[in-house]
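Take a look at the structure below.
Here it is, written out as structure tokens:
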């Protein structure tokens, strides 16, 4: 089972942001100033941590913590 708070702290750590800044609906690019390199780093860390593969076509869906959570939860459920 995917723990959203664990996901939040992982994303915050990769982005070098405060956990409180990574709200469910904070936009990574607009609110947290995530560039494409940082976004890729987040994806790599999440893939390793949760043992999933996120195809490029799905990466565009990850714009907030909630969208990342939903995508990962679906992947882990299908696994």
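Numbering (UniProt numbering), first residue to last: 1 to 79. No residue lacks a Cβ here, since even glycine has one placed at the ideal position from N, Cα and C.
| Asked | Found |
| --- | --- |
| Collapsed DSSP secondary structure at residue 74 in the structure displayed | helix |
| C-alpha distance - residue 49 paired with residue 10, whole-angstrom precision | 9 Å |
| Residue 8, enclosing alpha helix (DSSP H) - first and last residue | 4-15 |
| Through-space distance from residue 38 to residue 15, alpha-carbon basis | 7 Å |
| Residue 22 in three-state terms, based on DSSP | coil |
| Residue span of the alpha helix (DSSP H) that contains residue 45, given as start and end | 36-50 |
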